[in-house]
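Undergrad: Protein sequences, first through last, are from chains A and B.
The numbering used here numbers the first residue of the first sequence as 17 and each following residue consecutively.
The numbering used here numbers the first residue of the second sequence as 257 and each following residue consecutively.
Think of the CB as a built atom: it goes at the ideal place given N, C-alpha and C, for glycine as much as any other residue.
None of these values were measured; they are calculated from a predicted model.
Sharing a structure here in structure tokens format.
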Amino acid sequence: MTSKLIEAKNITVRYGNNVVLTDISFAIEKGDYIGLVGANGSGKSTLVKALLGLIPLEKGKIVYNDLYKFEHGIGYLPQVAVTGNTLFPAEVREIVGIGLLGQKKFPKRLTKEDHLKVDTILDRLGIIGLKHKKIGDLSGGQQQRVLLARAMVSHPKLLILDEPTSALDPRVRADFFNLIEEINKVDQTSIVLVSHDLSSIKRYTRKMMLLDRELVYFGPSDEFDLNFGMAKGMHNHEHDY
Amino acid sequence: MNTIIDTIIEALSYSFMQRAIIVGVLIGLSSAMLGIFLVLKKYSMIGDGLAHVSFATVAIALFLNTSPLLISIPIVIVASILIMELNEKAGIHGDAAIGLVSSFSVAIGVLLSSISGGFNVDLFGYLFGSILSIQQSDLWLSVVLALGVIFTVIFFYNDLFAITHDEAFSSVIGIPTKRRNYLIATLTSVTIVLGIRVVGTMLISSMIIFPTVAALQVSKSFKSTIVISSMISVFSVIVGVLGSYAYNLPSGASIVMINAIVFVALMGYKRLVRS
Chain A
17 MTSKLIEAKN
27 ITVRYGNNVV
37 LTDISFAIEK
47 GDYIGLVGAN
57 GSGKSTLVKA
67 LLGLIPLEKG
77 KIVYNDLYKF
87 EHGIGYLPQV
97 AVTGNTLFPA
107 EVREIVGIGL
117 LGQKKFPKRL
127 TKEDHLKVDT
137 ILDRLGIIGL
147 KHKKIGDLSG
157 GQQQRVLLAR
167 AMVSHPKLLI
177 LDEPTSALDP
187 RVRADFFNLI
197 EEINKVDQTS
207 IVLVSHDLSS
217 IKRYTRKMML
227 LDRELVYFGP
237 SDEFDLNFGM
247 AKGMHNHEHD
257 Y
Chain B
257 MNTIIDTIIE
267 ALSYSFMQRA
277 IIVGVLIGLS
287 SAMLGIFLVL
297 KKYSMIGDGL
307 AHVSFATVAI
317 ALFLNTSPLL
327 ISIPIVIVAS
337 ILIMELNEKA
347 GIHGDAAIGL
357 VSSFSVAIGV
367 LLSSISGGFN
377 VDLFGYLFGS
387 ILSIQQSDLW
397 LSVVLALGVI
407 FTVIFFYNDL
417 FAITHDEAFS
427 SVIGIPTKRR
437 NYLIATLTSV
447 TIVLGIRVVG
457 TMLISSMIIF
467 PTVAALQVSK
477 SFKSTIVISS
487 MISVFSVIVG
497 VLGSYAYNLP
507 SGASIVMINA
517 IVFVALMGYK
527 RLVRS
């Protein structure tokens with residue numbers, strides 16, 4: 017059986033007259049930890065949306081090989097993750113429970129077992145103590161962990177994290193990267209981590225994918241030349257760590 | 257005390273007051289239950305925009321010489337979906353989309369009323385509500401609406417909660433976000449059309465916004481917000497309608513004033529608890 021989870025085959029995406037991605041081909045394998053990098057407007061978020069099936073492809077196709085059902089197989093942490101709305105009236109356990117709704121049939125009620133799954137993932141991510149806290153009362157780093165728990169509670173085979181650390185301070189950011197690395201190693205969950213921060217991505221991931229509306233580089237992180245990425249309009253935030 | 261009770265008993269002996277309270281409570285319940293989804297998704301002013309559209313449909317109904325309700329409900333539903341489509345497909349955000357659709361609709365209404373020789377109905381009643389104009393048919397439509405809203409909120413609760421918190425994530429896990437948004441838009445449209453009879457075009461958005469924002473001051477969970485806002489809304493309608501009868505005041509404005517007082521009281525309570 018192939019270890020490939022997802023194969024993108026010659027995909028092209030267009031918004032109106034603007035071609036955002038051109039002829040992109042790659043495969044994500046079981047246990048991969050891929051850093052998806054590129055300057056603003058390079059097509060990173062578009063590629064993520066394409067992988068999630070949220071936008072139509074103009075050409076090519078995406079094959080979901082070993083994801084037994086699409087909605088259950090991919091966990092997603094959106095780019096604008098930290099809500100910042102202190103009035104949003106929901107406890108942490110309610111937010112994390114959303115991650116299980118994709119597996120439910122009408123009228124989508126959460127069972128005792130589901131609540132246990134929520135407790136287990138909160139415990140795993142070290143935030144069980146926040147279970148009954150209002151999401152808006154948490155710090156940025158805590159909110160990010162809650163939303164990661166929401167993405168992971170259904171035990172996806174692939175986690176896509178879209179700019180997950182952009183709103184976090186450097187220390188919390190390092191903790192977050194360590195946590196993701198552990199999830200990848202211990203659970204064998206494949207990770208695609210989108211960022212414009214070259215150095216930290218290169219340090220934590222095993223593969224790099226550099227986009228500039230087309231696939232410029234896809235290979236081992238230790239063979240990726242940071243200067244090459246910077247030449248493509250990206251930044252090196254090494255001093256943050 | 258006896259005088260107040262006597263006034264309430266006298267008020268409730270009139271069939272128009274009975275209809276006003278029943279319809280008001282049902283509309284209040286519907287608007288409060290829908291309010292949380294609209295307020296938290298930053299669509300608070302959709303009530304105001306759709307009320308303008310509804311006001312314009314009265315002119316269209318008069319022009320075509322037919323019942324305003326028959327014209328208003330489908331047109332306001334189309335307008336609400338148009339607002340969401342403008343937001344999603346044309347990238348025109350919530351408030352701008354609402355402004356476009358409502359001003360365009362009012363312009364059509366004014367032009368049609370001008371062509372047909374002007375309004376010959378109680379304009380003030382449509383602007384600020386008139387409980388005397390509430391018909392038996394409004395009562396039955398309100399019962400159907402309230403049942404529809406309660407059914408929707410109970411059976412689609414988790415979907416609506418997920419979409420309100422994070423629409424992109426909801427799409428990824430397979431929740432039909434577009435269909436759920438249309439469902440809320442349709443129920444909101446009918447609530448607005450029927451609610452105009454009670455509080456009028458100018459004040460209907462307050463029935464969506466006030467109870468939810470007041471409940472948000474003290475609630476800790478999504479469910480408790482819905483329950484508290486429904487209680488505030490029903491309380492405001494009953495006290496507002498009876499108060500308007502007792503002191504000979506406009507019913508719509510009285511309901512909104514009670515809502516405002518509850519909001520200020522709960523905001524004060526929240527600050528007191530925090531300090």
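Looking at the C-beta of residue 421/B, does it have a partner C-beta in chain A at a distance below 8 Å?
TA: yes
Undergrad: Are the C-beta of residue 111/A and some C-beta of chain B separated by less than 8 Å?
TA: yes
Undergrad: What distance in whole Å lies between the Cβ atoms of residue 148/A and residue 107/A, which are believed to be in contact at a cut-off of 8 Å?
TA: 5 Å
Undergrad: Is any beta-carbon of chain B found at less than 8 Å from that of residue 104/A?
TA: yes
Undergrad: Are the C-beta atoms of residue 72/A and some chain B residue less than 8 Å apart?
TA: no
Undergrad: According to DSSP, residue 34/A sits in a beta bridge with which residue or residues?
TA: 31/A
Undergrad: Output the distance between the C-alpha atoms of residue 300/B and residue 464/B, rounded to the nearest integer angstrom.
TA: 7 Å
Undergrad: Is any beta-carbon of chain B found at less than 8 Å from that of residue 175/A?
TA: Not one beta carbon of chain B lies nearer than 8 Å to the beta carbon of residue 175/A.
Undergrad: Which same chain residues, not among the five before or five after residue 102/A, have their C-beta less than 7 Å away from its C-beta?
TA: 152, 153
Undergrad: Please tell me whether residue 114/A has its Cβ less than 8 Å away from any Cβ of chain B.
TA: yes
Undergrad: Between the stretch 143-175 of chain A and chain B, which residues of the former have CB atoms less than 9 Å from a CB of the latter, in chain order?
TA: For the stretch 143-175 of chain A, which is checked against every Cβ of chain B, the residues closer than 9 Å are 148, 150, 151, 163, 166, 167, 170.
Undergrad: Could you tell me whether the Cβ atoms of residue 229/A and residue 59/A are closer together than 8 Å?
TA: yes
Undergrad: Please classify residue 198/A as buried or exposed, where buried requires at least 16 other C-beta atoms within 10 Å of its C-beta.
TA: exposed
Undergrad: Quick test of your reading: residue 295/B and residue 468/B, contact by CB under 8 Å. State the CB separation rounded to the nearest angstrom.
TA: 5 Å
Undergrad: So is residue 123/A in contact with chain B if we call contact Cβ pairs under 8 Å?
TA: yes
Undergrad: Along chain A, which residues have their Cβ under 7 Å away from the Cβ of residue 288/B?
TA: Chain A residues near residue 288/B: none, gap ~14 Å exceeds 7 Å.
Undergrad: Would you check if there are 3 or more beta carbon pairs closer than 8 Å linking the stretch 444-463 of chain B to the stretch 338-357 of chain B?
TA: No, the stretch 444-463 of chain B does not touch the stretch 338-357 of chain B.
Undergrad: Between which two residues does the alpha helix (DSSP H) harbouring residue 330/B extend?
TA: 324-345
Undergrad: Here's a check: name, in chain order, each residue in its chain whose Cβ is nearer than 7 Å to the Cβ of residue 384/B, leaving out the five neighbours to either side.
TA: 456, 458, 459, 506, 508, 509
Undergrad: Any heavy atom of the ligand HEM closer than 7 Å to the CB of residue 156/A?
TA: The ligand HEM is not part of the structure shown, which contains no ligands of any sort.
Undergrad: Could one say the Cβ of residue 481/B lies closer than 8 Å to chain A's Cβ atoms, at least one of them?
TA: yes
Undergrad: Quick check on the burial criterion: 16 or more other C-beta atoms within 10 angstroms. Buried or exposed for residue 22/A?
TA: It is buried - the Cβ of residue 22/A has at least 16 other Cβ atoms within 10 Å.
Undergrad: For residue 116/A, which three-state DSSP category applies?
TA: Residue state, collapsed to three classes: helix.
Undergrad: Is the shortest distance between the beta-carbon of residue 443/B and the beta-carbons of chain A less than 8 Å?
TA: For residue 443/B, the answer is no, since every Cβ of chain A falls outside 8 Å of its Cβ.
Undergrad: At which residues does the beta strand (DSSP E) containing residue 225/A begin and terminate?
TA: Taken as a continuous stretch (DSSP letters only), the beta strand (DSSP E) holding residue 225/A covers 223-227.
Undergrad: Under the three-state reduction of DSSP, which class applies to residue 438/B: helix, strand or coil?
TA: helix
Undergrad: Closest Cβ-Cβ distance between residue 22/A and chain B: below 8 Å?
TA: no
Undergrad: According to DSSP, is residue 515/B helix, strand or coil?
TA: helix
Undergrad: Could you spell out where the alpha helix (DSSP H) holding residue 234/A opens and where it closes?
TA: Residue 234/A -> not in any alpha helix (DSSP H); beta strand (DSSP E) instead, spanning 231-236.
Undergrad: Pull out every residue of the stretch 403-418 of chain B whose Cβ sits closer than 9 Å to any Cβ of chain A, in chain order.
TA: Listed in sequence order: 410, 411, 412, 413, 414, 415, 417, 418.
Undergrad: For residue 317/B, I'd like the list of residues in its chain whose CB is within less than 6 Å of its CB, leaving aside the five on either flank, ordered along the chain.
TA: 324, 327
Undergrad: Based on Cα-Cα distance, which residue from 452/B, 308/B, 418/B lies nearest to residue 360/B?
TA: 308/B
Undergrad: For residue 52/A and chain B, any beta-carbon pair shorter than 8 Å?
TA: no
Undergrad: Shorter than 8 Å from the beta carbon of residue 529/B to some beta carbon of chain A?
TA: Contact with chain A is absent for residue 529/B, since none of that chain's Cβ atoms lies less than 8 Å from the residue's Cβ.
Undergrad: For a contact defined as C-beta to C-beta under 7 Å, what are the partners of residue 239/A on chain B?
TA: Here the premise fails: no neighbours, minimum Cβ distance about 32 Å.
Undergrad: Which residues bound the beta strand (DSSP E) around residue 178/A?
TA: 174-178
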